[in-house]
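Student: When you line the sequence shown up against mature numbering (1 follows the signal peptide of the UniProt record, and there is no 0), it's residues -26 to -1, 1 to 287, in that order.
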Amino acid sequence: MLPRHFCLFATIACLFTVLTLPAARAQGQQPKPSTGRLERIDLPSRHIEQRPVDVWLPADYAERVGQGQRFQVLYMHDGQMLFDPTITMNRQSWRVDVALDRLARSGRIPPTIVVAIWNRGEFRDAEYFPRKVLERLAPGKHKSTLESHMKQGARSDDYLRYLVDELKPMIDSRYATRPERESTFIMGSSRGAVLSVYAMSEYPQVFGGAAGLSVHWIGTFERNAAIPMATFAYLSAHLPDPAGHRLYLDRGTETLDALYGPSFEFGGDVIRERGYTDANYMERVFPGTDHSEKAWSARLDIPLLFLLAQPRP
């Protein structure tokens, strides 16, 4: 039997390869959802390199628009991993379309549009790690490790400017959305989970809720205190007023998620100290689950229901 630490290292290496696969490599492949339809948006940006954006519309979108209905919107990172496992490197996907269709048909959530922003592999670390957290880190091993993966420096603020100032206005003008904060949400996994919390903290007037699966507070691929503490110092100052916001975070216990226990628990304490309660904050631990799209897909109903189904504040 292979040593546990060797298996963990091999898993982390595989995850890094999957999540940083350049979008350009699969850019010509349009994902094929199991339900609903996808529309591809090509939007040049002043802030970041262009990348595919896929907009998922429920199967009855046109019919509902004809009846005057408008839709809430969920923005999601790592867009190439969300719908179609046949085009992903690990042959897994979140199956977001299937979950949203099932929940909407059962009347548990309103029909929802998904905006799936692909990552640009080589820029993922730079775009997903919060710049204002990096600025709080003292010089040393952990800051150097993070910066070594950021070819052009921390660019998360540029990425969020793209989402808020360029992409969201296009989405709201092209589709029948409900553009207000109470109907606009953001979700991601791993580093995308951290980025989603950062987005709601930086733009509390835009995002009414955030969800992070397998939240990667540790920042690198080893357990440490420096990066989580810098992150929590930022959140202590900037996590928005819980009135009008909702937050969901979770983790598994296997592969990379096996490193998350202490930071996840402490992060929850920080969030509750900011005034979040069970009414607007949910945290969950899923024993025996790993750091993968298959695992996130299996529990996706839980964050979707928490963000999308609760009465508006």
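By construction, the Cβ of each residue, glycine as well, lies at the ideal position given by its N, Cα and C atoms.
In the DSSP assignment, what residue or residues form a beta bridge with D224?
Tutor: Per DSSP, R258.
Student: Apply the 10 Å Cβ neighbour rule to T251 and answer buried if 16 or more other Cβ atoms are within range, or exposed otherwise.
Tutor: The residue is exposed, with fewer than 16 neighbouring Cβ atoms inside 10 Å.
Student: Within 8 Å, do at least three Cβ pairs link the segment 95 to 115 to the segment 55 to 68?
Tutor: Flag = no, the segment 55 to 68 and the segment 95 to 115 do not touch.
Student: Should the segment 69 to 76 be called in touch with the segment 112 to 132, which here means at least 3 C-beta pairs below 8 Å?
Tutor: Too few Cβ pairs lie closer than 8 Å, so no.
Student: In this structure, does DSSP put T251 in helix, strand or coil?
Tutor: Note: T251 maps to coil in three-state DSSP.
Student: In angstroms, rounded to a whole number, what distance separates the CA positions of A(-3) and V88?
Tutor: Only weak support exists for where A(-3) lies, its pLDDT of 42 falling under 50; the value from the coordinates is given anyway. Their backbone Cα atoms lie some 21 Å apart in a straight line.
Student: Which of the three DSSP states is assigned to E13 in this structure?
Tutor: Here E13 sits in strand by DSSP.
Student: K48 bridges to which residues according to DSSP?
Tutor: Note that residue 48 corresponds to Leu in the displayed sequence, not to Lys. Partner(s): V88, F159.
Student: In three-state DSSP terms, what is A(-4)?
Tutor: Model confidence at A(-4) stands at a pLDDT of 46, short of 50, so the residue's coordinates are unreliable; what they give is reported in the following sentence. In the structure shown, A(-4) sits in a helix (DSSP, three-state: H, G or I).
Student: Select from R25, D275, W191, L282 the residue whose C-alpha is nearest the C-alpha of E156.
Tutor: Ranking the options by Cα distance to E156, first place goes to L282.
Student: Along the chain, where does the beta strand (DSSP E) containing V27 start, and where does it finish?
Tutor: Here the beta strand (DSSP E) through V27 covers 27 to 31.
Student: What residue range is occupied by the uninterrupted beta strand (DSSP E) comprising A207?
Tutor: Where A207 is concerned, there is no enclosing beta strand (DSSP E), although the alpha helix (DSSP H) it sits in stretches over 200 to 212.
Student: With a Cβ-Cβ cutoff of 8 Å, do P216 and R258 count as a contact?
Tutor: The answer is no: Cβ separation not under 8 Å.
Student: Rounded to whole angstroms, what is the Cα-Cα separation between F97 and K125?
Tutor: Looking at the two C-alpha atoms, the distance is approximately 8 Å.
Student: Compute the beta-carbon to beta-carbon distance between S170 and A184, rounded to the nearest angstrom, for a pair I have assumed lies under 8 Å.
Tutor: Confirmed, about 4 Å.
Student: For the alpha helix (DSSP H) holding L278, just list the boundary residues, first then last.
Tutor: Looking at the DSSP string, the run of the alpha helix (DSSP H) that includes L278 is 275 to 282.
Student: Between L(-6) and the rest of its own chain, which residues show a CB-CB distance below 6 Å, the 5 nearest in sequence each way excluded?
Tutor: Annotation note: pLDDT 49 at L(-6) (below 50); position unreliable, coordinate value reported separately. Closer than 6 Å at the Cβ level, and outside the excluded window around L(-6), lie M63, G95.
Student: By the three-class DSSP mapping on this structure, what secondary structure does T151 have?
Tutor: It is a strand residue.
Student: Please report the residue range of the beta strand (DSSP E) in which A185 lies.
Tutor: Per DSSP, A185 belongs to the beta strand (DSSP E) from 183 to 187.
Student: Would a C-beta distance cut-off of 8 Å place V39 and T151 closer than the cut-off?
Tutor: For V39 and T151, no; Cβs fall outside 8 Å.
Student: To which residues of the same chain is S19 closer than 7 Å at the C-beta, ignoring the five residues directly before and after it?
Tutor: Excluding residues within five positions, the ones whose Cβ falls inside 7 Å are Y136, E140.
Student: Along the alpha helix (DSSP H) that carries G166, what are the first and last residues, could you check?
Tutor: First-last of the alpha helix (DSSP H) with G166: 165 to 176.
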